[in-house]
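For reference, each letter of the sequence shown is one residue, going 1 to 563 in UniProt numbering.
No residue lacks a Cβ here, since even glycine has one placed at the ideal position from N, Cα and C.
Let me begin by presenting the structure, written as structure tokens, before commenting on it.
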Amino acid sequence: MEQPLNQEGGVQQFQPYAPTANPHYQEYDPNEKPLVQEDDGLSKKVQMGYHFGIVILALINLIAMGIAYSAMSSYNNSLVDFEDNWSQLPIVDIQTAINGCPGGYEDLITDEWPGTSSGCDCSFSWGFHPSLQRGRCDYNETRDGCVNIGSTSAMPLNKFYSYKLCAKKEGDPFYKSDRPTKNFGDVKCPKGYQICGKGDAKDRSCVKEGSTCPVTDIVISDSASGVPEGYKILQLDSGVVLGFTNQSEGLPISRLKITEGDVCADPGEESSSEGRYLYKLSRRSSGTCSNTIAGEKVDPRYDRIGTVREDRLYEDNGVSYVTKNLPMYPHGDSEMYYWNLYTNPFYEWHPDCDGYYGLSREYLIDQVEVSENLSGSLSTVLFLTIFFFIVCSVLVCISLCNRDPRSKSSANWLKKFEACSVISKVLFILIIIWLSFSNISAISSFSTTVNEIGREDCSDDFSDQIFLSYGEALSSSSGKNYFAIIMSIIILITCGVYAGMLFGGKFDNNYRFYGRSEKSHSSVEMSKVSSSSSSSSSSSSSSSSSKKSKKSNKSKRSKSYSD
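Printed below as a string of structure tokens:
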């Protein structure tokens, strides 16, 4: 077999492929550090640290605003209760009725049985354990015999021992009525008015001359002998009687309230008998009073005057006709529990506060509107903070799920998405900061007023303590607002730093973070390529000159041999 010859006439030797002949080839050196370090670990840490940091700060902000709103809302309810109490007209007469009240009279008890929610009744199903639950039945429950139960409407509880209590009201609301003054021990009303009631000036009222004095006390007794002398008596069912008078000591009666448990210090809360488990679909709240207002869970300004068993109360007011058609209703419980009837007099307000101190009852009613507006503003900030937290959480999920895009277009989309998310966060935070600063200014002014009312002892001990505790709650709320502002500013700074990294070229098209810029990467890479190319060129020229030298030597040897 003939061997191929090379240009010098010798046998050609085959060499293995040398990758170094490629001008772009670079031999791998495990000890050499790459010129461009794509720090993917740093990239992920930066992104995840930013997103989770924003979520944590937003959560802290949300908690702070939630505490501030909670502190405001409870005491705001107490202030609204003042307005409701003082807005009632004085009761000058009481009558009983079987059905509707006579002309000029209105229901004295205005409470309601709240009704029931819709539910799913599986008491006769063959596939489920007999049960009752809120909400509509699903497909499987319906298939196995469960049925949907509709909701029931609220019903008035205005009958007590088979009779409606009807009140005739006259005069001005308490916050507008004239009050007696005390000069050198003499209690007097303004000219044209007569004084009513007994006791000190703060416990008495004034009405126009010729008008009937308002009712100051109501009692319920099992017999007429249990009613104090001088009281007007009304006969109810089962031998129960109601007595009332306008000549006792104390301010006039503002309203009556019937409830199963105690009257809670927080007007926004209701209670039932301790240890009772209410019907599954009931809209009533179970349990005793839990919120503490001014150191109390039960409102001491209400006086219990009578009780009635629940089954009797429900039967008198037609509730039993509804409950008997409800599935799995615990009718036996109604024979075990009692409801209480309470009277609530007008809340005390010292006449000196109307005059000397300038803290009039009308001024306090105006402050109720301020308190409601402030509570509404805090509610708005809380809603925005909740929305901001949800948005941040969603953005975290979107960003982290798309952290390693597979195409340039998706990387560009993600970068635009990140930019829009940063801008939206900044706008939200600016709005929250602005509203928080506005709230702090309003809270500071209102807190001064509330504390002043409490310090001047304008009302009874419990009411005065409400104002003082409200002032403390306002101060706490102001502090939480300041804290929320600080958290918001930190979020703002974090967004700014991240935006600077995002728009400052710290991320390439693949959305990865670089320790060096792409420009330096390109220039270094090109310098290596050109260096490699020049090295290859010099190697080629050296090889060529070597070949020429060999050729020349060979021709010289041939010539010498021929000679």
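(request) Just grab the DSSP bridge partners of C206 for me. (result) C206 pairs with I195.
(request) In angstroms with no decimal places, state the Cα-to-Cα distance between I433 and V450. (result) Spanning the two alpha carbons is a distance of roughly 25 Å.
(request) Tell me C166's beta-bridge partners as DSSP assigns them. (result) Residue pairing by DSSP places C166 opposite Q95, D107 in a beta bridge.
(message) Bridge partners for I220 per DSSP, in chain order?
(response) DSSP lists L242 as partners of I220.
(message) Please report the straight-line C-alpha distance between E170 and Q95, rounded to a whole angstrom.
(response) Rounded to the nearest angstrom, the two C-alpha atoms are 15 Å apart.
(message) Using the three-state DSSP reduction, which class does E249 fall into: helix, strand or coil?
(response) The answer is strand: DSSP assigns E249 an E or B state.
(request) Return the bridge partner residues of S282 from the DSSP annotation. (result) For S282, which the question treats as bridged, DSSP gives the partners T116.
(message) Is the beta carbon of I466 closer than 7 Å to that of S78?
(response) Yes. Within cutoff.
(message) On the DSSP bridge list, what partners appear for D186?
(response) Secondary-structure assignment with DSSP links D186 through a beta bridge to N183.
(message) Just to confirm before moving on: does the CB-CB distance between Y342 and V263 stay below 7 Å?
(response) Their beta carbons are under 7 Å apart, which means Y342 touches V263 by this criterion.
(message) Closest to G471 by C-alpha separation, out of I485, G454, D461, would be which residue?
(response) Between G471 and the set I485, G454, D461, the nearest pair of CA atoms involves G454.
(message) Within 10 Å of its beta-carbon, does K33 have 16 or more other beta-carbons around it, so buried, or fewer, so exposed?
(response) At K33 the pLDDT is 46, less than 50, meaning the model places this residue with poor confidence; the figure from the coordinates comes in the next sentence. Classification of K33: exposed, given that the 10 Å Cβ count is below 16.
(request) To the nearest angstrom, report how far apart F387 and P114 are at their CA atoms. (result) Whole-angstrom Cα-Cα distance: 32 Å.
(request) Report the three-state DSSP secondary structure of K425 (helix, strand or coil). (result) It is helical.
(request) State the Cα-Cα distance for the pair M72 and L474, rounded to the nearest angstrom. (result) Put simply, the backbone Cα of M72 is about 7 Å away from that of L474.
(request) Output the distance between the C-alpha atoms of A265 and D299, rounded to the nearest integer angstrom. (result) Their Cα atoms are separated by approximately 4 Å.
(request) Return yes when the Cβ of I109 is within less than 7 Å of the Cβ of L165, no when it is not. (result) Taking a C-beta distance under 7 Å as the contact criterion, L165 and I109 qualify as a contact pair.
(request) For the stretch 319-336 and the stretch 143-160, state whether three or more C-beta atom pairs, one from each stretch, are separated by less than 8 Å. (result) The stretch 319-336 makes contact with the stretch 143-160, as at least three CB pairs between them are under 8 Å.
(request) Tell me whether M65 is buried or exposed, calling it buried when 16 or more other Cβ atoms sit within 10 Å of its Cβ. (result) Buried: at least 16 other Cβ atoms inside 10 Å.
(request) Would you check if the distance between the CB atom of V370 and the CB atom of F446 is smaller than 7 Å? (result) Going by C-beta atoms, V370 is nearer than 7 Å to F446.
(message) Taking the alpha-carbon of D186 as reference, which of C420, A201, C196 has the nearest alpha-carbon?
(response) For the residues C420, A201, C196, the minimum Cα distance to D186 belongs to A201.
(message) To the nearest angstrom, how far is the alpha carbon of L89 from that of G268?
(response) Roughly 23 Å separates the two Cα atoms.
(request) Let me know the secondary structure DSSP gives Y321 once reduced to three states. (result) If DSSP states are grouped into helix, strand and coil, Y321 belongs with the helices.
(message) Taking the straight line between their C-alpha atoms, what separation do you get for D311 and S273?
(response) Going from the Cα of D311 to the Cα of S273 covers about 15 Å.
(request) Measure the Cβ-Cβ separation of L62 and I490 and say whether it is below 7 Å. (result) Cβ atoms of L62 and I490: not closer than 7 Å.
(request) Spatial neighbours of H331 within its chain, please: CB distance less than 6 Å, with the 5 preceding and 5 following residues excluded, ordered by chain position. (result) A distance below 6 Å between beta-carbons, with the five flanking residues on each side excluded, links H331 to no residue of its chain.
(request) Rank D217, D144, V219, S271 by C-alpha distance to the C-alpha of residue 565 and give the top, closest one. (result) This structure cannot speak to residue 565, because the chain is shown only from 1 to 563.
(request) Please name the residue in L468, C120, S320, G261 whose C-alpha comes closest to that of T288. (result) The residue with the shortest Cα to Cα distance from T288 is G261.
(request) Just the C-alpha distance for C353 and C458, rounded to the nearest angstrom, thanks. (result) C-alpha separation (whole angstroms): 6 Å.
(request) With DSSP as the reference, label L359 as helix, strand or coil. (result) Here L359 carries a coil assignment [DSSP, helix/strand/coil].
(message) With a threshold of 8 Å, are at least 3 pairs of Cβ atoms found where one atom belongs to the stretch 215-223 and the other to the stretch 232-251?
(response) Enough Cβ pairs lie closer than 8 Å, so yes.
(message) I'd like to check one pair, S125 with G100: are the Cβ atoms closer than 7 Å?
(response) It is not a contact, given that the beta carbons lie outside the stated cut-off.
(request) Please look up how many angstroms separate the CB atoms of residue 598 and E362, rounded, as I've assumed it's under 8 Å. (result) Beyond the ends of the chain as shown, which are 1 and 563, falls residue 598; an answer cannot be given.
(request) Can you check DSSP and say which residues form a bridge with T448? (result) Beta-bridge pairing links T448 to no other residue.
(request) Measuring alpha carbon to alpha carbon, tell me which of I233, R143, E229, G496 ends up nearest V426. (result) When each option's Cα is compared against that of V426, the closest is G496.
(message) Within 10 Å of its beta-carbon, does H24 have 16 or more other beta-carbons around it, so buried, or fewer, so exposed?
(response) The predicted model places H24 with a pLDDT of 49, which falls under 50 and marks its position as unreliable, so this point remains unresolved.
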